[in-house]
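In our numbering, the protein residues as written are 404 to 587.
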């Protein structure tokens, strides 16, 4: 009987945690905007390997392709962009940047990151940089409407956005991205 009570309490705690995350986990909706030509805001995240990463500072002197996602469902779009970039032979550093806004996700960041580690091969952990504390800066920079779409940003060597897309994967837009990269 004692074990059953513990299981019930654990289940209730998980359900309560999920309800709080749902209600308070996401910040306000911010209208999408195209930041092309602007410098990416200075933010700090942590790779799934546990390394601190400063964006765009850690990429100064070279271009970087950022795939910024606001919702777990954006992973499908991210996977298509990553596969397309690899098939197109884009020679650029690529970072997937899960951006999780709100107070509650920051409190359970380790749990969220562990969940991501469980679904991503260890050899790719360094390319995934989760941003919690500075998430509001990125949200304000790109907007977060239509959160299932990745925000794809090509930053130049100085951290300025030279190419941007936020309407879902497109092979034609990938070719535009490839041309923009060649011009850097």
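Cβ coordinates follow ideal geometry from the N, Cα and C atoms, glycine included.
Starting from the C-beta of residue 468, find all residues in its chain whose C-beta is less than 6 angstroms away, skip the five residues before and the five after it, and write them out in chain order. 495, 497, 557
CA-to-CA distance, residue 526 to residue 532, given in whole angstroms: 14 angstroms
For residue 501 and residue 449, I'd like the C-alpha separation in whole angstroms. 10 angstroms
Just verifying my parser: in three-state terms, what is the DSSP assignment at residue 425? Here residue 425 scores only 43 on pLDDT, less than 50, and its place in the model should not be relied on; the value that follows carries that caveat. Note: residue 425 maps to helix in three-state DSSP.
Should residue 516 go down as buried or exposed, given a rule of 16 or more other Cβ atoms within 10 Å for buried? buried
For residue 484, the first and last residue of its enclosing alpha helix (DSSP H): 478-490
Rounded to whole angstroms, what is the Cα-Cα separation between residue 529 and residue 451? 6 angstroms
Closest Cα partner of residue 564 within the set 453, 471, 434: 471
To which residues of the same chain is residue 577 closer than 8 angstroms at the C-beta, ignoring the five residues directly before and after it? 484, 487, 488, 491
Three-state secondary structure (DSSP) of residue 433: coil
Since residue 551 and residue 569 should fall inside the 8 angstroms C-beta cutoff, what is the C-beta to C-beta distance between them, to a whole number of angstroms? Actually they do not touch by this definition, with Cβ atoms about 11 angstroms apart.
Using only alpha-carbon positions, find the residue among 582, 521, 540 that is nearest to residue 433. 540
Using only CA atoms, which one of 566, 473, 582, 478 lies nearest to residue 442? 566
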